[in-house]
Amino acid sequence: MVGLLWKQSRKAQTPPRHCGRHLEPRRASRSCSCTRDRLRLGAPGPHRPALLQLTDATVHPYPRLSGPTEFRRGTSRMARPPPLGELPPGYTPPARSAAPQGLLFSLGCGIQRHCGKVLFLGLLAFGALALGLRVAIIETDLEQLWVEAGSRVSQELQYTKEKLGEEAAYTSQMLIQTPRQEGENVLTPEALGLHLQAALTASKVQVSLYGKSWDLNKICYKSGVPLIENGMIERMIEKLFPCVILTPLDCFWEGAKLQGGSAYLPGRPDIQWTNLDPEQLLEELGPFASLEGFRELLDKAQVGQAYVGRPCLHPDDLHCPSSAPNHHSRQAPNVAQELSGGCHGFSHKFMHWQEELLLGGLARDPRGQLLRAEALQSTFLLMSPRQLYEHFRGDYQTHDIGWSEEQASTVLQAWQRRFVQLAQEALPGNASQQIHAFSSTTLDDILHAFSEVSAARVVGGYLLMLAYACVTMLRWDCAQSQGAVGLAGVLLVALAVASGLGLCALLGIAFNAATTQVLPFLALGIGVDDIFLLAHAFTEAPPGTPLQERTGECLQRTGTSVALTSINNMVAFFMAALVPIPALRAFSLQAAVVVGCNFAAVMLVFPAVLSLDLHRRHCQRLDVLCCFSSPCSARVIQILPQELGDRTVPVGIAHLTATVQAFAHCEASSQHVVTILPPQAHLVPPPSDPLASELFSPGGSTRDLLGQEEGTRQKAACKSLACARWNLAHFARSQFAPLLLQSHTKAMVLVLFGALLGLSLYGSTLVQDGLALTDVVPRGTKEHAFLSAQLRYFSLYEVALVTQGGFDYAHSQRALFDLHQRFSSLKAVLPPPATQAPRTWLHYYRNWLQGIQAAFDQDWASGHITRHSYRNGSEDGALAYKLLIQTGDAQEPLDFSQLTTRKLVDKDGLIPPELFYMGLTMWVSSDPLGLAASQANFYPPPPEWLHDKYDTTGENLRIPAAQPLEFAQFPFLLRGLQKTADFVETIEGARAACAEAGRAGVRAYPSGSPFLFWEQYLGLRRCFVLAVCILLVCTFLVCALLLLNPWAASLIVLVLAVMTVELFGIMGFLGIKLSAIPVVILVASVGIGVEFTVHVALGFLTSQGSRNLRAARALEHTLAPVTDGAISTLLGLLMLAGSNFDFIVRYFFVVLTVLTLLGLLHGLVLLPVLLSILGPPPEVVQMYKESPEVLSPPAAQGGGLRWGVAPTLPQSFARVTTSMTVALRPPPLPGAYIHPASEEPTWSPAATPAASGSSNLSSRGPCPAI
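The numbering of the sequence shown is this note's numbering, which starts it at -11 and goes up by one.
What follows is the structure, encoded as structure tokens:
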């Protein structure tokens, strides 16, 4: 900018004569008495009466973005009309858009007047909000993060928790063994021996907490411990009852080594499962205790000899029992044959582990016989924290430690972590097999690690952005440098991000992994874009802008762009919140709030920073180190005054402007540039101002300033100055825009982008749905290896079919059986072995009733049971006797005549409704193993009832009926679910089965992880399309309202839609699957894409001329801020590339980087081409018809655009030219502003000789403070 201090000589008494009424400086000619005007650049000194101090600045020949807004103010205050030589003079926008611009101008001026107060209050407010981070809650519960809020799955999950509690019945800890050499068979004694070694190491884990030792036998899940009348036997059974461990070792005697219980009987060694023969034990104890009921229980469970009757994996083992089939032969068993069909726990009837639970990668012969397998799996079941707490509550072992559920949870977590650690270290590094261990606590640890904030990456990312902002805004001229502004802007954005997140925490929006891992960097990249935009605009204020209006001018010119981008970003993230996944909904809402805080910081606080920096520049202080004065020497232009004569100098306040073009040449001796005003310059008067004083009406003139070449040295020095001033605006003006806007280039651009769109449409067909857990866990870790092996070999899922209350179970048995049959027919359901009945409570219940009915019939036929006595009958016969005489009538509860007239199960396989709930009570109390195997989880639970065959009192004969059931479930196993399409097909089939049962009066729903986490994919694509369409409509409305141009808004929305389609297609080529996370990014891409398009469109609307020229001007003024914004976004995303989680890299860094590059291409290449072909008319209209040579740019030769070499200049002058605008204020304190234009000619087509001599659009630059 130019500050001119014109000190009037005391000898001057009369003003110079002027040619014309507009006070133009008279040409030095014979017809005028005015002396020849001579401008000399040199250092100021006391001997020079008139000085013009000129500071170097990079200037642009056209308005930054919103040129019409500049003139809009000029037309409202005629005391300071717009300067000549700019595009806006002569034009004014429609009056309907003046109000918002005026508000922005007033806001900027108010901020500048109170910049210190605004900055202090803004920092105080944002800092206070940032303190809300102290109450932030990080959510790591998968169900809370991924179950669709308010959906039927959420309602079903809530119903399950209300009936059963918050936790599952047990937790699983798994070991998977795979060969190091892929494809190797693991069905060998050696491989199983290594598996035994790892499983035995894991089963012996002990942890010490709260002064107690906790081992597997204390915390494992035990299924159906029976109640025995004999206290001694009951205590022994409690100690010996085995843990539930699903392992291939259960096919062999070695499976007993994993059970840690033991009991002591006098005269015998310690009883353990490795030496326990239940049949032999009962025979030894028979003479000393009545164990008939216990014997029947073992017979029903088909316990037999338990483990000692199974073959030994290593028959040479000294402890191999003599009862083992291969003990005497000493031959190794046929492992494949033994494992064929699965294995059993200690109970052959209720504990059957199918092949698919134990073996992976199976291979069979043509007859279906098992030949080989590639993986082995063992699963240890532990109690839930609540079960562990209830089990030891009141126990003597925990009475002195203040036992609580939190302590129980801590014990389980510590044991699980130790379990995983020791299991993974169980095998030596040179073993042929490898062990992968995993527990539920491991998954929780992964989620916690995934949700932790990486301080190093956050600090590194923000330091990198600080360095870029500072470097990109530094200038050689200290007065024009904005490095401190860049630093302050990035720090302000960082504070705004923190305040936005703090506000979210205060509003109760829980944080998650996406919040902590992605949002700080994404918000930084987006927020800094507007900082660059304002900073660029602030350096390009119109010539002659008063100091006190600089900030208002900046906000007026850029406020619309900032508002457009910020509002569209907020709308985009709010639309992304339509995705009903809680984690992504919270992320979207948090991002919208953070963008809003960034918007407030950029519009309210950052202008105060710019105002303070303006004061620093006015004081000629160093950038960044503002305490020191600037060493940069200012260029000085000396104007030799002319004699004023004897005329009296009038006093006035009019603002006189003139654009002067003069010859300039370099002097080798003094290294100064001497500028001379030629007398042949063509003068262009501006339109008269009827409101101004007739005597001091504004005036102006235009003259050529051509530097005359004086030798090679001087020419090189001048050229080096132009090279130093090269920037993106210069590149866009002289090279990029002329090349892009040629006809053949535009055709090529349209063809290439059309091809890209076509490829993207094809790529969109390749996008698959899904998000595997392996994508979330860091690659190269042991957890990732386990999950990969599990997905490959053991893709099994435990699910349940839940039946609710609201219908009568007793009268809906047929519908329940039909529901089970339909669910079992699903392709993914693992069928039970042909020799085993379905594992459901209704089947177990019915079969048990049929069993006791058969025993009663046999006892009745043999006479052991009569109408009046059942003592001589069997235990089962006595149970049937008691149930058959029940009537359900409170007045007459017993009817002995029914003993022979009714059956417990009719010929259709249904239980009589009047006996259903009483029989349920009896079954639950008498068959604990069957109840545990059924996993019924009844609610409300049936009452406890103890059967005593020898008690014949009335109370013992009465059986309390269970309350009507409100919750029960049928367990199933799903297999073969590899792709999301498999999950979706299964979910749809299960939902159809439940809907069919609902029409029969049975209320049911499926439950399990596939239904919790894959249900979202049923409507994910529909939700995605709906959100994008709504967002595009909202974007159109916002752009149309703020731009007041639906035509331009339509083009913007068209480009954004194309970007979204292309991003979706590129995801298909990159192999990125569609889940809720990419959907959020795709929806947000519409808002982020506005950053790259709206600036160009706004620059196009506020320019005048042909479409090509307006597109070129838009590119000239938006290339730099848009590019800076893209680079800042990429720098913000760069820290995501260093994440330990591939999930962050693939689904956030890669996708957002592609989005940024697509936005850059579409905003700076495709959109300008579309605007040059289909662009709307300009927003401004011509006012001054008498000055067409100023308003209209020179016509291009041949109607085309020139690219490459600038227009040819006369040989006697150098290519370096200088244009300046001189604004004169008359006495008593005359002054002037001189604005140097770009050292290089503009890219626009060469003007005709007349036009070149008459008018040339002058550049303008920012004015320093006066």
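Beta carbons: idealized from backbone N, C-alpha and C, even for Gly.
Starting from residue i, follow the beta strand (DSSP E) in both directions and report where the run begins and ends.
i: Phe958; result: 955 to 962
i: Tyr158; result: 158 to 167
i: Ser427; result: 421 to 427
By DSSP, does residue i sit in helix, in strand, or in coil?
i: Glu880; result: coil
i: Pro994; result: strand
i: Arg946; result: coil
i: Lys1262; result: Since the displayed the chain opens at -11 and closes at 1254, residue 1262 lies outside it and no answer follows.
i: Ala251; result: strand
i: Ala988; result: coil
i: Ala363; result: strand
i: Val1261; result: Examination of residue 1261 is not possible in this model, given that the chain is present from -11 through 1254 alone.
i: Cys1022; result: helix
i: Tyr927; result: strand
i: Gln951; result: coil
i: Phe805; result: helix
i: Ile1076; result: helix
i: Leu462; result: coil
i: Phe114; result: helix
i: Gln385; result: coil
i: Gln143; result: helix
i: Val195; result: strand
i: Leu1148; result: helix
On the CB-based measure, 16 or more other CB atoms within 10 Å of its CB, does residue i come out buried or exposed?
i: Val908; result: In the sequence as displayed, the identity of residue 908 is Leu instead of Val. Burial call: buried.
i: Asn322; result: exposed
i: Phe724; result: buried
i: Ala1255; result: For the chain, the structure presents residues -11 to 1254; residue 1255 sits outside this window and is missing.
i: Val1021; result: exposed
i: Phe108; result: exposed
i: Phe884; result: exposed
i: Gly1151; result: buried
i: Asn418; result: exposed
i: Ala123; result: Before going on, a small fix: residue 123 reads as Val here, not Ala. With fewer than 16 Cβ atoms within 10 Å of its Cβ, Val123 is classed as exposed.
i: Glu272; result: exposed
i: Gln1185; result: Low confidence applies to Gln1185: its pLDDT is 37, below 50, so where it sits in the model is not reliable, and the reading given next is rough at best. Gln1185 is exposed by the Cβ-count criterion.
i: Tyr858; result: buried
i: Arg61; result: With a pLDDT of 36 at Arg61, under the threshold of 50, the predicted position of this residue should be treated as unreliable, and no value is reported.
i: Leu934; result: exposed
Mind checking which residues open and close the alpha helix (DSSP H) that includes residue i?
i: Leu376; result: 373 to 380
i: Phe1052; result: 1034 to 1058
i: Arg256; result: Segment: none, Arg256 is in no alpha helix (DSSP H) and carries neither H nor E.
i: Met906; result: 901 to 914
i: Phe561; result: 538 to 564
i: Arg405; result: 393 to 412
i: Trp134; result: 130 to 134
i: Ala798; result: It is not in any alpha helix (DSSP H) - Ala798 carries neither H nor E in the DSSP assignment.
i: Cys492; result: 471 to 494
i: Gly584; result: 570 to 588
I'd like to confirm the pairing. Which residues does DSSP put opposite residue i in its beta bridges?
i: Leu358; result: Arg352
i: Val817; result: Leu962
i: Cys208; result: Leu370
i: Cys331; result: Trp341
i: Phe499; result: Ile126
Beta strand (DSSP E) runs wholly inside the region 713 to 793, at least 3 long, in chain order: Uninterrupted beta strand (DSSP E) stretches at least 3 residues long and entirely within the region 713 to 793 occur at 785 to 792, given in chain order.
Runs of 3 residues minimum, wholly inside the region 1109 to 1135: which ones carry the beta strand (DSSP E) assignment? Qualifying beta strand (DSSP E) stretches: none in this window.
Starting from the N-terminal side, write out each stretch of the alpha helix (DSSP H) that is 4 residues or longer and does not extend beyond the region 835 to 875. Whole alpha helix (DSSP H) segments, 4+ residues: 863 to 872.
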